[in-house]
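Residue numbers (the numbering used here): 12 to 443.
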Ligand code: UD1
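See the structure below:
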């Protein structure tokens with residue numbers, strides 16, 4: 012299993028390019044199942060989750076060409092199976108995004124039920140109940156969700172999600188795009204990734220209004236066709252690099268990002284004392300205030316508020332801020348697994364329920380630590396970058412799921428980081 016060896020204490024300086032958003036590329040790739048025509052997607056990040064989803068599409072019978080590394084041309088003309096097997100779903104929960112498109116286009120789908128994961132139980136009951144509202148019959152057979160549309164086609168309906176769910180909204184939006192009649196989804200997720208998916212679907216011929224607001228109106232169409240689309244920049248990678256500049260007291264220019272998508276993060280980090288300037292619509296300049304960082308409380312909420320996917324990185328930063336900060340997690344249970352590793356590095360963190368009290372500023376020192384999930388891994392990398400001495404982070408396959416060429420990107424801005432494969436130091440991986 013790969014590890015990262017990081018020698019910390021170096022201020023990061025220079026320019027870094029943000030990749031395409033993993034959480035947008037995943038539903039957009041799944042959406043290609045809605046049409047027999049070719050869909051071309053640009054700016055697809057080269058990360059493990061996307062490679063997994065690509066394999067799922069190919070296993071089903073789709074052809075995927077990559078004329079360039081980050082361009083995928085997908086043709087789901089000859090789909091032979093309508094199934095996402097356990098082997099894939101257990102490594103990547105987002106495989107459930109195949110359910111909506113398969114059900115809508117072929118009237119049947121079988122997707123293994125995702126089990127518990129590192130950040131909580133994460134059920135998909137809200138997705139399934141919404142499919143039932145569109146007329147699907149859903150049953151659980153030997154750990155698989157089996158869904159069918161009795162007349163071969165889903166029927167539009169009006170309903171409200173009990174709780175805001177991102178992939179749930181995406182799954183149902185894709186299903187409703189090909190349903191008969193109109194669907195109205197209330198309490199829909201408002202993430203930029205929802206807007207990006209709606210934009211792709213509308214280019215394919217769907218009739219979706221309201222993406223980015225809590226009410227989505229979808230007029231079902233008979234069929235969807237091919238389209239070409241560029242995936243939005245990854246807002247969580249952007250936020251992670253802002254924290255990387257701040258925590259190492261460095262200075263970074265972050266390029267090819269969209270500051271509009273992470274307003275809540277930028278606002279919070281400015282309150283903390285990080286100097287963030289928008290050089291233009293897609294470039295940020297970031298540096299730490301000479302006065303240092305102030306501890307500030309934060310609570311995770313659905314978009315447009317502070318994202319749960321930045322909670323771990325924020326907690327790492329708060330170990331370097333003066334004072335006490337309360338970090339409250341409201342989206343996922345059990346999403347503080349990074350805290351125990353940060354404590355091993357010298358952080359002072361007390362957890363009580365869904366609240367972590369971080370007492371700063373504490374010097375961090377290198378240690379052997381374990382990554383537990385994608386964003387937790389990012390926070391450990393950040394902590395290691397500002398720690399004195401060497402940190403060895405095990406199980407970095409978590410970070411490879413969602414951060415493109417992170418070793419290369421960090422090295423190019425001055426970090427001392429190397430990937431160790433089976434006990435041997437390997438050169439940073441670069442997709443070619
Ligand atoms: C997506 C993101 C993930 C992010 C999360 C919250 C992708 C691929 N992943 O995950 O990075 O952390 O949004 O912003 O886009 N829930 C249920 N039943 C359901 C569905 C969700 O109870 O059927 C609960 C979840 O357990 C969680 C909350 O709703 O407590 C929000 O989850 P959801 O928005 O669905 O997260 P994901 O879409 O899985």
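Backbone N, C-alpha and C define an ideal beta-carbon position, used for all residues, glycine too. Computed from a prediction, not measured in an experiment: that's the story for all the values here.
(1) Indicate whether the contact test is met: 3 or more Cβ pairs, each with one atom in the segment 81–89 and one in the segment 33–51, closer than 8 Å.
(2) On the three-pair Cβ rule with 8 Å, is the segment 215–223 touching the segment 149–159?
(3) Between the Cα of residue 283 and the Cα atoms of 268, 301 and 271, which residue gives the shortest distance?
(4) Quick check on the DSSP output: what are the complete alpha helix (DSSP H) runs of length 4 or more inside the segment 116–187, in order along the chain?
(5) Would you tell me roughly how many angstroms separate the C-alpha atoms of residue 186 and residue 208, rounded to the nearest one?
(6) CA-CA distance, residue 307 and residue 336?
(7) If you pair each beta-carbon of the segment 338–353 with each one of the segment 384–403, do three or more pairs fall below 8 Å?
(8) Below 8 Å between beta carbons: does that hold for residue 38 and residue 139?
(9) With DSSP run on the structure shown, which of helix, strand or coil describes residue 274?
(10) Classify residue 197 as buried or exposed, calling it buried when 16 or more other Cβ atoms lie within 10 Å of its own Cβ.
(11) On the DSSP letters alone, give me the boundaries of the beta strand (DSSP E) that residue 15 sits inside.
(12) Rounded to the nearest angstrom, how far is the Cβ of residue 268 from that of residue 295, given a contact under 8 Å?
(13) Would you mind working out which of 367, 399, 244 and 169 sits nearest residue 379, comparing C-alpha positions?
(14) For residue 411, which residues in the same chain have their Cβ closer than 6 Å to its Cβ, ignoring the five residues on either side in sequence?
(15) Could you tell me if the beta carbon of residue 179 falls within a distance shorter than 7 Å of some heavy atom in the ligand UD1?
(16) For residue 67, count neighbouring C-beta atoms within 10 Å of its own C-beta (all shown protein chains included) and say buried if the count is 16 or more, exposed if not.
(17) Quick check: is any heavy atom of the ligand UD1 less than 7 Å from the C-beta of residue 134?
(18) When the Cα of residue 280 is compared with those of 243, 236, 392 and 327, which residue comes out closest?
(19) Measure the Cβ-Cβ separation of residue 13 and residue 287 and say whether it is below 8 Å.
(20) Grab me the residues of residue 21's own chain with a C-beta within less than 7 Å of its C-beta, minus the 5 sequence neighbours each way, in chain order.
(21) Give me the Cβ distance between residue 255 and residue 145, rounded to the nearest whole Å; I'm assuming they're in contact under 8 Å.
(22) Is residue 34 near the ligand UD1 - that is, is its Cβ less than 7 Å away from at least one heavy atom of it?
(23) Going by C-alpha to C-alpha distance, which of 251, 159 and 182 sits closest to residue 270?
(24) Around the C-beta of residue 5, are 16 or more other C-beta atoms found within 10 angstroms, so that it is buried, or is it exposed?
(25) From residue 177 to residue 123, what does the alpha carbon distance come to, in whole angstroms?
(26) Ignore the nearest five residues each way along the sequence and tell me which others in residue 226's own chain have a CB closer than 8 Å to its CB.
(27) I need the boundaries of the alpha helix (DSSP H) containing residue 363, first residue and last residue.
(28) State the beta-bridge partners of residue 204 as determined by DSSP.
(29) Let me check one thing: in DSSP terms, what residues is residue 79 bridge-paired to?
(30) Roughly how many whole angstroms lie between the Cα atoms of residue 228 and residue 311?
(31) Below 7 Å, is the gap between the Cβ of residue 204 and the nearest heavy atom of the ligand UD1?
(32) Verify whether the separation of the beta carbon atoms of residue 30 and residue 64 is less than 8 Å.
(33) Taking the alpha-carbon positions, what's the residue 70 to residue 95 distance?
(34) Any idea what DSSP makes of residue 333, helix, strand or coil?
(35) Name the two residues that bound the continuous alpha helix (DSSP H) containing residue 384.
The relevant details are as follows:
(1) yes
(2) no
(3) What you label residue 283 is simply residue 272 of the chain shown in a count that begins at 1. Of the listed residues, the one whose Cα sits closest to residue 283 is 301.
(4) 136–144
(5) As a working mapping, residue 186 is identified with position 175 in the chain shown. As a working mapping, residue 208 is identified with position 197 in the chain shown. Going from the Cα of residue 186 to the Cα of residue 208 covers about 13 Å.
(6) Here residue 307 corresponds to residue number 296 of the chain shown, with the count starting at 1. Here residue 336 corresponds to residue number 325 of the chain shown, with the count starting at 1. Rounded to whole angstroms, residue 307 to residue 336 spans 5 Å at the Cα level.
(7) yes
(8) Sequence index remark: in the chain shown, residue 38 carries index 27 (1-based). Sequence index remark: in the chain shown, residue 139 carries index 128 (1-based). Not closer than 8 Å, so no.
(9) Against the chain shown, residue 274 aligns to sequence position 263. Note: residue 274 maps to helix in three-state DSSP.
(10) Position 186 of the chain shown holds residue 197. With fewer than 16 Cβ atoms within 10 Å of its Cβ, residue 197 is classed as exposed.
(11) Translated into positions along the chain shown, residue 15 becomes position 4. Counting along the chain, the beta strand (DSSP E) containing residue 15 begins and ends at 14–18.
(12) Your numbering for residue 268 matches position 257 in the chain shown. Your numbering for residue 295 matches position 284 in the chain shown. Their Cβ separation, rounded to whole angstroms, is 6 Å, which keeps residue 268 and residue 295 in contact under 8 Å.
(13) Here residue 379 corresponds to residue number 368 of the chain shown, with the count starting at 1. Selected option, being the one with the closest Cα: 399.
(14) Position 400 of the chain shown, counted from the first residue, corresponds to residue 411. The residues are 59.
(15) Taking the first residue of the chain shown as position 1, residue 179 is located at position 168. Checking the Cβ of residue 179 against the ligand UD1 gives yes.
(16) The sequence position of residue 67 within the chain shown is 56, counting from 1. Result: buried.
(17) Within the chain shown, residue 134 is the residue found at index 123, counting from 1. Yes, the Cβ of residue 134 comes within 7 Å of a heavy atom of the ligand UD1.
(18) For the purposes of this step, residue 280 is identified with residue 269 of the chain shown, where counting begins at 1. The shortest Cα separation from residue 280 among 243, 236, 392 and 327 belongs to 327.
(19) The residue given as residue 13 occupies position 2 in the chain shown. The residue given as residue 287 occupies position 276 in the chain shown. Contact flag unset, no.
(20) Counting from one through the chain shown, the residue named residue 21 turns up at place 10. Contacts found: 259, 425, 426 and 427.
(21) Position 244 of the chain shown, counted from the start, is the residue given in the question as residue 255. Position 134 of the chain shown, counted from the start, is the residue given in the question as residue 145. The Cβ separation is near 43 Å, so there is no contact.
(22) As a first step, residue 34 is located in the chain shown; it is residue number 23 there, counting from the start. Yes - the ligand UD1 has a heavy atom lying nearer than 7 Å to the Cβ of residue 34.
(23) Residue numbering aside, residue 270 sits at position 259 when the chain shown is read from its first letter. Residue 270 has its Cα closest to that of 251, out of 251, 159 and 182.
(24) In the structure as shown, the chain begins at 12 and stops at 443. Residue 5 is therefore absent and cannot be evaluated.
(25) The residue labelled residue 177 in the question sits at position 166 within the chain shown. The residue labelled residue 123 in the question sits at position 112 within the chain shown. Each residue's alpha carbon lies about 19 Å from the other.
(26) Counting from one through the chain shown, the residue named residue 226 turns up at place 215. Once the five neighbours on either side are set aside, the close Cβ partners of residue 226 are 195, 196, 197 and 199.
(27) Translated into positions along the chain shown, residue 363 becomes position 352. Run containing residue 363: none in the alpha helix (DSSP H); it sits in the beta strand (DSSP E), 359–363.
(28) Here residue 204 is taken as the residue at index 193 of the chain shown, counted from 1. Bridge partners of residue 204: none, in fact.
(29) Position 68 of the chain shown, counted from the start, is the residue given in the question as residue 79. According to DSSP, which records beta bridges pairwise, residue 79 is partnered with 82.
(30) Translated into the one-based positions of the chain shown, residue 228 becomes position 217. Translated into the one-based positions of the chain shown, residue 311 becomes position 300. Approximately 27 Å, taken between the alpha carbons.
(31) Locating residue 204 in the chain shown gives position 193, counting from the first residue. Under cutoff, so the answer is yes.
(32) Here residue 30 corresponds to residue number 19 of the chain shown, with the count starting at 1. Here residue 64 corresponds to residue number 53 of the chain shown, with the count starting at 1. Against a cut-off of 8 Å, the Cβ pair of residue 64 and residue 30 comes out as no contact.
(33) Taking the chain shown and counting its residues from 1, one reaches residue 70 at position 59. Taking the chain shown and counting its residues from 1, one reaches residue 95 at position 84. Rounded to whole angstroms, residue 70 to residue 95 spans 9 Å at the Cα level.
(34) Here the question's residue 333 lines up with position 322 in the chain shown. The answer is strand: DSSP assigns residue 333 an E or B state.
(35) By 1-based counting over the chain shown, the position of residue 384 is 373. Note, residue 384: premise wrong, no alpha helix (DSSP H); not H, not E.
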